[in-house]
Every structure is written in C-alpha cells, then in structure tokens.
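In what follows, a structure is listed as structure tokens, so that the remarks can point back to it.
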Amino acid sequence: MILKKSSTLAPVFIIVFTLALNVAFVFEQEAKPTTGFFRHNAAFDSSRFLNEAKIIEEDGFYASSGKRRLPPAYPLLIAAFNYIFGSNGSAPLIFQAMLNTGSLALIYFISSVLFGRVPALIAIAVSALYGPFVFYGGMYLRASLVTFESLAVVALLLAGRKKAFWNVLAGIMTALLTLTRPYPLIVLAAHGWLVHKLVQNRNKREAYKIFSFVAAFVIVILIFSPTQRFKADSPQRAPESNYTNAIAHFLSGNVLDSNYGYTWGDTPIKVKLLEKSGGSLTKGALLIFSEIFKNPWDYAKFYYKKIKIFVGGFEPPSNYNFYLFKDELSLVLWAPFISLGWIVPFTLLGLWEGRSQSRNISILYIWISALALSIFIFPIQSRYRL
Numbered sequence: 029m030i031l032k033k034s035s036t037l038a039p040v041f042i043i044v045f046t047l048a049l050n051v052a053f054v055f056e057q058e059a060k061p062t063t064g065f066f067r068h069n070a071a072f073d074s075s076r077f078l079n080e081a082k083i084i085e086e087d088g089f090y091a092s093s094g095k096r097r098l099p100p101a102y103p104l105l106i107a108a109f110n111y112i113f114g115s116n117g118s119a120p121l122i123f124q125a126m127l128n129t130g131s132l133a134l135i136y137f138i139s140s141v142l143f144g145r146v147p148a149l150i151a152i153a154v155s156a157l158y159g160p161f162v163f164y165g166g167m168y169l170r171a172s173l174v175t176f177e178s179l180a181v182v183a184l185l186l187a188g189r190k191k192a193f194w195n196v197l198a199g200i201m202t203a204l205l206t207l208t209r210p211y212p213l214i215v216l217a218a219h220g221w222l223v224h225k226l227v228q229n230r231n232k233r234e235a236y237k238i239f240s241f242v243a244a245f246v247i248v249i250l251i252f253s254p255t256q257r258f259k260a261d262s263p264q265r266a267p268e269s270n271y272t273n274a275i276a277h278f279l280s281g282n283v284l285d286s287n288y289g290y291t292w293g294d295t296p297i298k299v300k301l302l303e304k305s306g307g308s309l310t311k312g313a314l315l316i317f318s319e320i321f322k323n324p325w326d327y328a329k330f331y332y333k334k335i336k337i338f339v340g341g342f343e344p345p346s347n348y349n350f351y352l353f354k355d356e357l358s359l360v361l362w363a364p365f366i367s368l369g370w371i372v373p374f375t376l377l378g379l380w381e382g383r384s385q386s387r388n389i390s391i392l393y394i395w396i397s398a399l400a401l402s403i404f405i406f407p408i409q410s411r412y413r414l
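Residues in the sequence shown are numbered from 29 upward in steps of one, following the working numbering.
Structure, rendered in structure tokens:
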C-alpha cells in the first residue's frame, strides 16, 4: 500500500518541483539587467518574436500578415498574453513554465502506456534534470511550446487507438505544431503512423481515423494561414520568411564549411549553392547530393561529426548560449543538471527493450525518427534538440 502510494506521488512531486524550478528561473531572469538586452537587441531571436507579437497587437492578426516573417503561432500566443495581462508582465514565460510541467505529464502518460509506470517515472526524472529544459522555458523562444505540442501529438495518437475523436485533436495539435515551427517531416510521421495502421488492419475504422486527422489538420492550417482577402491593407510581403528560405537553412546544415551544421551565417559553399538552387528546396537537395558524390569521404567525416554533435552532451549554441547563462547569469542553472549525452543512452535502451513489450511502439519509432531527421538536416542547435 505504501509502495503504491509512493509510486503515485513520485511523478507529482517531480512535476511540482520542476514547476517551482522553472518559475524560479523566470523570476531570476526578470530581475537581471541583461534581460532587456537579450529581448530588444535585433541579434537575438527573442526580439523577433516580441516584435511580431507587437505587430499583431497593433494591426490585428490577419491585417498584419504581410508585415510578419515568422510562423504565426508563437507570436500570436505572446500577443494574446500581452493583451490579457499587459506587455510588461512575465505571463507568457510563466505559461511556458507550465507548458514544461505539462510536457513532463505527457512524457509520463506516453511512457506509462508503452512501457509501464517504472520506466515512466525514470523518463520524467531524467527529463526534469535536463538543464536546457528549464533554460528555454524562461526565454521568449518557442522551444517549450514545440516540445509540448510534439509530445501532445504522440499522446493523442496513442489515445486515438480506440476513438477517432482523439485523432481529430491530434490533427489540430499537429497543425499548431506546424504553425509554430514548420516541420513537414513531423506531419508525415503522424500521418504515417495512421497509414501504417490502415495498411495493417485494412478496415474502415482506421480509414476514418486518417480522414479525421487530415481534415482537422487542414482546417486549422487554413484558419491560421492569412490570405490576401483577410487583410485590411496590403503591405508588401517580406521578401524572406521561414517558409520561403528553408533552402538557406537546409544548406547551412549540409555544406562542408558550415562548422558541422550549427552556424547559420553565409559561407562560400553555401552562397554558391544557394545561387545555383534559385531558391528551390528540391534543387538545393539535389545540389547537396551532387556535392556528396563529388566528396564522399569528406562528407562521411562531416556527417559523422554532425551525428556526434547531435547526440552528444555539448549544447550547440545559437545566439543564445546555455553555458553563458549557466556560468554567469543564473544561480538556478547551477543545479546538478545532466546533459543530453546521458539522455540518449536511456532513449536507445528504452526503444530497444520496448520493441517487444508494446504493440503500439511503432508510433514512437516513426515520430522520433522523423523528428531527429527534421532536426539533423538543418543546423543543429541546442533548442532544436530539446
């Protein structure tokens, strides 16, 4: 009886502790004089999200679509919290702290369904001890939202094994994920699992699940993707957006002079291939394959190094450096956190051991593979690995 009660209270304790840690980090950073610098300096991504949220607040969501360059979900979320609580508060960051604890709850649910309660407890304990999990929750960056949405899609697809309603919600959540950070491979992963079930069972019920998922996804995408007829005015659309410059990002992660794929800046090889591609992602991919065939040994070493970076304990920095905050700007991050280098072996061991324990583990294989690939083919950075 005592053992059963403790196993029930343990995940609750971990989740509550993580919430306290996340909130403490948010308030710690709010009191720092450097916080304004990171948020309002154009060199940092937080300023881009905050600026686009401000545009939405001033002009409205659809009317401002021609002035914005980023996927709409995260700036819209910030704008909504600013509208309700005022733009000087930290409500969006507190919400992100809550999203992080929601992510732990989803990890526990997914792991419980697939592997049982003890592995689920290990999973959330390991996740809670990962430093960037707390770090990015306290920044105006979309990493916490993307993490929660990704986990929610997996949880909803697992719940949708019995009722199509959950697949509708999975379609909605996948659309929101796409509108937060456009990862087409993740959408294919979610849909791929449903198609796998249809082929496996060959029945109308599975076909209805696929239809409900796709229909919900398309409807949400259409609602949140502004078109010309929704605009109050017609400002010229920004020449580049995260939807149209995917080729530049792709090349940044796959050219030999890109510092193993975590440097976004222009390099000689990238500029040359970008000009040849003419802005076409398909042509850019073909050009990369051509480069690989020309230099197979160099690219073998390049991708080997990139794999080590992808699964290793080092947190590849962008304009936000986890180690700068840990060493100089935060006492909370001095907690005894672990690195991703500890988490990856747990993940591989769990997936290997679980292959014969769960009939539904295929969704996890598909999802992790697609997510890993959609991160790996672009520049690898700490917040994308989260």
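Heads up, the beta-carbon is just placed ideally off N, CA and C, and yes, glycines get one too.
Could you compute how far the alpha carbon of residue i sits from the alpha carbon of residue j?
| i | j | result |
| --- | --- | --- |
| residue 385 | residue 236 | 27 angstroms |
| residue 86 | residue 251 | 20 angstroms |
| residue 126 | residue 397 | 27 angstroms |
| residue 55 | residue 175 | 22 angstroms |
| residue 9 | residue 231 | No information on residue 9 is available, as it lies outside the stretch 29 to 414 that the chain covers here. |
| residue 274 | residue 302 | 11 angstroms |
| residue 330 | residue 286 | 10 angstroms |
| residue 141 | residue 39 | 15 angstroms |
| residue 392 | residue 143 | 12 angstroms |
| residue 238 | residue 227 | 11 angstroms |
| residue 299 | residue 318 | 16 angstroms |
| residue 180 | residue 321 | 40 angstroms |
| residue 414 | residue 145 | 23 angstroms |
| residue 61 | residue 75 | 16 angstroms |
| residue 240 | residue 217 | 16 angstroms |
| residue 348 | residue 243 | 37 angstroms |
| residue 95 | residue 42 | 42 angstroms |
| residue 441 | residue 297 | Not covered by the structure: residue 441. The range shown for the chain is 29 to 414. |
| residue 93 | residue 248 | 16 angstroms |
| residue 195 | residue 401 | 24 angstroms |
| residue 48 | residue 340 | 28 angstroms |
| residue 201 | residue 118 | 25 angstroms |
Cβ atoms of residue j and residue i: under 8 angstroms apart, would you say?
| i | j | result |
| --- | --- | --- |
| residue 104 | residue 89 | yes |
| residue 337 | residue 344 | yes |
| residue 365 | residue 312 | no |
| residue 409 | residue 346 | yes |
| residue 107 | residue 84 | yes |
| residue 199 | residue 137 | no |
| residue 379 | residue 214 | no |
| residue 152 | residue 132 | yes |
| residue 7 | residue 350 | Past the boundaries of the shown model lies residue 7; the chain is included only from 29 to 414, so the question cannot be answered. |
| residue 66 | residue 166 | no |
| residue 149 | residue 183 | no |
| residue 361 | residue 162 | yes |
| residue 81 | residue 110 | yes |
| residue 208 | residue 99 | yes |
| residue 412 | residue 403 | yes |
| residue 172 | residue 205 | no |
| residue 158 | residue 389 | no |
Count the other CB atoms, across all protein chains shown, that sit within 10 Å of the CB of residue i; report buried if there are 16 or more and exposed otherwise.
| i | result |
| --- | --- |
| residue 283 | buried |
| residue 463 | A query on residue 463 cannot be resolved here, the shown segment of the chain reaching from 29 to 414 and no further. |
| residue 383 | exposed |
| residue 256 | Caution applies to residue 256, whose pLDDT of 42 falls short of 50 and renders its modelled position unreliable; the model cannot decide the point. |
| residue 323 | exposed |
| residue 219 | buried |
| residue 212 | exposed |
| residue 57 | buried |
| residue 221 | buried |
| residue 50 | buried |
| residue 37 | exposed |
| residue 234 | buried |
| residue 197 | buried |
| residue 332 | exposed |
| residue 64 | exposed |
| residue 377 | exposed |
| residue 315 | buried |
For residue i, does the three-state DSSP call read helix, strand or coil?
| i | result |
| --- | --- |
| residue 112 | helix |
| residue 135 | helix |
| residue 366 | strand |
| residue 211 | coil |
| residue 168 | coil |
| residue 348 | coil |
| residue 158 | strand |
| residue 391 | helix |
| residue 124 | helix |
| residue 76 | helix |
| residue 308 | coil |
| residue 409 | coil |
| residue 70 | coil |
Using a Cβ cut-off of 8 angstroms (strictly closer), state whether residue i contacts chain C.
| i | result |
| --- | --- |
| residue 172 | In summary, chain C is missing from the structure at hand, where a single protein chain is found. |
Inter-stretch contact at 8 angstroms, needing at least 3 Cβ pairs: the segment 343–360 / the segment 307–318
no
When you compare the segment 154–169 with the segment 184–204, are there three or more beta-carbon pairs, one atom per stretch, that lie closer than 8 angstroms?
no
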